[in-house]
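Undergrad:
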Amino acid sequence: MEKAILLPKDKEVGKRICEEDIGIYSRIALDTGVFNLWEIDTLKEILNDYLHNPLTSYSIFEEKNIDVVEGFIIFGRTPLTKFTWDIYWLVVAKEFQNKGLGKKLINRVENFVLEIMPKAVLRIETSADDKYRVARHLYLKCGFKEIGRIPDFYADANDLIIYSKEIDIWQYKGGNV
Ligand SMILES: CC(C)(COP(=O)(O)OP(=O)(O)OC[C@H]1O[C@@H](n2cnc3c(N)ncnc32)[C@H](O)[C@@H]1OP(=O)(O)O)[C@@H](O)C(=O)NCCC(=O)NCCS
2 MEKAILLPKD
12 KEVGKRICEE
22 DIGIYSRIAL
32 DTGVFNLWEI
42 DTLKEILNDY
52 LHNPLTSYSI
62 FEEKNIDVVE
72 GFIIFGRTPL
82 TKFTWDIYWL
92 VVAKEFQNKG
102 LGKKLINRVE
112 NFVLEIMPKA
122 VLRIETSADD
132 KYRVARHLYL
142 KCGFKEIGRI
152 PDFYADANDL
162 IIYSKEIDIW
172 QYKGGNV
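Residue numbering for the sequence shown follows the numbering used here, beginning at 2 and increasing consecutively.
(1) Taking the alpha-carbon positions, what's the Val110 to Ala156 distance?
(2) If the criterion is Cβ atoms closer than 7 Å, does the pair Ile148 and Ser165 meet it?
(3) Report whether the distance from the Cβ of Gly103 to the nearest heavy atom of ligand 1 is below 6 Å.
(4) Using a Cβ-Cβ cut-off of 8 Å (strictly less than) and excluding sequence neighbours within five positions of Leu115, which residues of its own chain qualify?
(5) Kindly indicate which residue of Ala30, Glu20, Ala136, Glu71 has the alpha-carbon position closest to the one of Asp50.
(6) Using beta carbons (cut-off 7 Å, strictly below), is Leu52 in contact with chain D?
(7) At a threshold of 6 Å, does Ala136 count as lining ligand 1 (C-beta to nearest heavy atom)?
(8) Pro55: which of Glu64, Ile18, Leu91 sits nearest, CA to CA?
(9) In whole angstroms, give me the CA-to-CA distance for Leu161 and Val69.
(10) In this structure, how does DSSP classify Gly144 when only helix, strand and coil are distinguished?
(11) Which residues share a DSSP beta bridge with Leu123?
(12) Does the distance between the C-beta of Leu44 and the nearest non-hydrogen atom of ligand 1 fall short of 6 Å?
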């Protein structure tokens, strides 16, 4: 099997975060009203790994207006794959939602990935819960396809939904596939 490309944090152009950002990002995510406290704890673990582990496979982009963080996306290479990436977290602060920032953050990831490799597969997993209706709509609008479900994964009648999208530099026209 060909070796997967791993990108140490210092080779990436993603956002550098500090201790204070962990609180800011967690607060933004909590205030959306979508995530529970266990999910916020998981977010903090990921951010701590990103901050303290030099070999972390996570990358972060944020949208910021002057000093105000409006949204962020956490993504990274999927281990043991040749050109696959996972988008783990996508959050736009409640007061800045529905202004195109979610779409913009996904486009930034796609552009970034295609600067590193000519083609890639992106994967996003989410829940069938109504709280994630806007997210599911966004993924489909961004060209992701639902490619699988695990029934009752999170709870009764709350499936895990898997979305994926193949991108390549030959089709990609600056973020508007
Ligand atoms: C999901 C989320 C990231 C979308 O970000 P966003 O910046 O609001 O989305 P955009 O403005 O780029 O809009 C993308 C699409 O969703 C639609 N949309 C956005 N907010 C909406 C709302 N409240 N109700 C209905 N549609 C909405 C937009 O109209 C657009 O669709 P269109 O192109 O058909 O018009 C944001 O709502 C969010 O952070 N939600 C809470 C956290 C979450 O669910 N994250 C995803 C976890 S899997």
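We put the beta carbon where it would ideally sit given N, CA and C, even for glycine. No experiment lies behind these values; they were computed from the predicted model shown.
TA: In terms of the structure at hand:
(1) Locating residue 110 in the sequence shown gives position 109, counting from the first residue. Locating residue 156 in the sequence shown gives position 155, counting from the first residue. Rounded to whole angstroms, Val110 to Ala156 spans 30 Å at the Cα level.
(2) For the purposes of this step, residue 148 is taken as the residue at position 147 of the sequence shown. For the purposes of this step, residue 165 is taken as the residue at position 164 of the sequence shown. Cβ atoms of Ile148 and Ser165: closer than 7 Å.
(3) Counted from its first residue, the sequence shown places residue 103 at position 102. Answer for Gly103: yes, Cβ within range of ligand 1.
(4) Taking the first residue of the sequence shown as 1, we reach residue 115 at position 114. Answer for Leu115: Ala121, Ile168, Asp169, Ile170, Tyr173, listed in chain order.
(5) One-based indexing of the sequence shown puts residue 50 at position 49. Closest by alpha carbon: Glu20.
(6) As a matter of chain content, chain D is missing from the structure shown, which is built from one protein chain.
(7) Here residue 136 corresponds to residue number 135 of the sequence shown, with the count starting at 1. Ala136: yes, Cβ under 6 Å from ligand 1.
(8) For this step, residue 55 is matched to residue 54 along the sequence shown. Closest option to Pro55, Cα to Cα, is Ile18.
(9) The residue given as residue 161 occupies position 160 in the sequence shown. The residue given as residue 69 occupies position 68 in the sequence shown. Distance between the alpha carbons of Leu161 and Val69 is about 32 Å.
(10) If you number the sequence shown from 1, residue 144 lands on position 143. Correct three-state label for Gly144: coil.
(11) Locating residue 123 in the sequence shown gives position 122, counting from the first residue. Paired residues: Trp86, Lys166.
(12) Within the sequence shown, the letter at position 43 stands for residue 44. No; taking the cut-off as 6 Å, the Cβ of Leu44 has no heavy atom of ligand 1 nearer than that.
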